[in-house]
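**Q** Following numbering that gives the first Met the number 0, the numbering of the sequence shown begins with 0 at its first residue and continues without gaps. Just so you know, even glycine gets a beta-carbon here, dropped at the ideal spot from N, CA and C. Bear in mind that the values here come from a model prediction, so they are computed numbers and not experimental data.
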Amino acid sequence: MPEYQTLLVEQHDKVAHVLINRPEKVNAMNAAFWDEIVQVFGWVDQTDSVRVVVISGAGKHFSAGIDLAMLAQAAAGMTTDIGRNAERIRRNILRLQASFNAIDQCRKPVIAAVHGYCLGGAIDLISACDMRYSTPDAQFSIKEIDMGMAADVGTLQRLPHLIGDGMMRELAYTGRMVDGHEAARIGLVNRTWDSHAELLEGVLALAAEIASKSPLAIRGTKEMIRYSRDHSVEDGLNYIASWNAAMLQSEDLKLAMTAHMSKKSADFAD
0 MPEYQTLLVE QHDKVAHVLI NRPEKVNAMN AAFWDEIVQV FGWVDQTDSV RVVVISGAGK
60 HFSAGIDLAM LAQAAAGMTT DIGRNAERIR RNILRLQASF NAIDQCRKPV IAAVHGYCLG
120 GAIDLISACD MRYSTPDAQF SIKEIDMGMA ADVGTLQRLP HLIGDGMMRE LAYTGRMVDG
180 HEAARIGLVN RTWDSHAELL EGVLALAAEI ASKSPLAIRG TKEMIRYSRD HSVEDGLNYI
240 ASWNAAMLQS EDLKLAMTAH MSKKSADFAD
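1. Using a Cβ-Cβ cut-off of 7 Å (strictly less than) and excluding sequence neighbours within five positions of Asp251, which residues of its own chain qualify?
2. Using only the alpha-carbon positions, how far apart do Leu170 and Ser140 sit?
3. What's the gap between the Cα of Ala149 and the Cα of Tyr172?
4. Rounding to the nearest angstrom, what Cα-Cα distance links Thr191 and Asn26 in this structure?
5. Who are the near neighbours of Trp42 in its chain, counting only those whose CB is closer than 7 Å to its CB and skipping five residues on each side?
6. Given Ala258, which residues of its chain have a CB within under 7 Å of its CB, disregarding the five upstream and five downstream residues?
7. Quick one: give me the first and last residue of the alpha helix (DSSP H) that Gln138 is part of.
8. Three or more beta-carbon pairs under 8 Å between the stretch 52-62 and the stretch 12-29, yes or no?
9. Three Cβ pairs or more, each shorter than 8 Å: is that satisfied between the stretch 150-160 and the stretch 201-213?
10. Which ranges would you report for the alpha helix (DSSP H) in the stretch 194-239 if only whole runs of at least 4 residues count?
11. Should Asn237 be labelled buried (16 or more other beta-carbon atoms within 10 Å of its own) or exposed?
12. Would you report the Cα separation of Asp123 and Asn91, rounded to the nearest angstrom?
13. What residue from Trp33, Ala101, Ala111 has the CA that sits closest to Met289's CA?
14. Any contact of the stretch 108-117 with the stretch 74-93, i.e. 3+ C-beta pairs under 8 Å?
15. Which whole-angstrom value describes the C-beta separation of Cys128 and Ile110, a residue pair presumed to lie in contact below a C-beta threshold of 8 Å?
16. Can you tell me whether Asp193 is buried or exposed? The criterion is at least 16 other CB atoms within 10 Å of its CB, across all chains shown.
17. In terms of DSSP beta bridges, what is Gln10 paired with?
18. Can you check which of these residues, Glu181, Gly219, Arg228, is closest to Trp242 by C-alpha distance?
19. Using the DSSP secondary-structure output, state which residues sit across from Thr131 in a beta bridge.
20. By the DSSP assignment, the beta strand (DSSP E) with Gly56 in it spans what residues?
21. Using CA coordinates, which residue listed in Lys262, Leu7, Gly120, Gln4 is at the minimum distance from Leu67?
22. Could you tell me which of Ala97, Met77, Ser98 sits nearest to Ile88, measuring between CA atoms?
23. Assuming Gln10 and Val51 make a contact with CB atoms under 8 Å, what is their CB distance in whole Å?
The following block contains the structure:
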């Protein structure tokens, strides 16, 4: 398994656990982080034995968002030419967006386990995940507004589908903190666990349950959910009909039906 500067990756049976591993910097996202996220999810996509991914933060917090030193470095590289500056900034933003697109587009379900701070860019990250869980004392904030900018790595595009347009606007315009209890109430997280240890135990158990299902069925389900988010109902129905025309011929369907009728667990191929 590859080693990374900012991430610690472990595989437990069929579940990959990705820890943001800069606890001394509150897991702030530096330049290496954005490249390594793409590398990790490339590895996940290509590794058939990995069926589900859990993302958490090492130390006391999930992540304080983008590393301000990285922003300062980018600012220092500006020239007097407005056009060239704009093109360079746009290119950099698109590169950062690609890092979290890799999570959204991953073939396998990705679950975020949040404790402590989840600020700014960390909201962009969890918005790209399939599901989110937290501790009650987790602190969420779309912090970009307090830095004089609009969030630009996916929060404003993905969060309305998770918590609704009005609530997203309130949090984006104010930058106010939301704790785990409120996050659960508004649908930002599915549920909370009382401690960090219980959170990880619960989320890893959930991931293991998902990993026990047919990987083809999980793959198709995620693909259809993602597609339907950005298309009409008619488009989505047409796509699932074409998809299942092939996938319903899989051995997984026969295995699942046999296991269900015999009240036993199925063992699906990777």
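**A** The answer reads as follows:
1. Ser213, Leu215, Ala216, Phe267
2. Spanning the alpha carbons of Leu170 and Ser140 requires a straight line of approximately 7 Å.
3. Each residue's Cα considered, the two are about 9 Å apart.
4. Using only the alpha carbons, I get a separation of about 21 Å.
5. Pro1
6. Ser264, Ala265
7. Counting along the chain, Gln138 falls outside any alpha helix (DSSP H), though it belongs to the beta strand (DSSP E) covering 138-140.
8. Segments in contact, yes.
9. no
10. 195-210, 214-228
11. exposed
12. 16 Å
13. Not covered by the structure: residue 289. The range shown for the chain is 0 to 269.
14. no
15. Cys128 to Ile110, Cβ: 6 Å. Contact.
16. exposed
17. Gln10 pairs with Ala15.
18. Gly219
19. In the sequence under discussion, the amino acid at residue 131 is Arg, which differs from the Thr named in the question. As a beta-bridge residue in DSSP terms, Arg131 pairs with Ala111.
20. 51-56
21. Gly120
22. Met77
23. That pair is no contact at about 11 Å.
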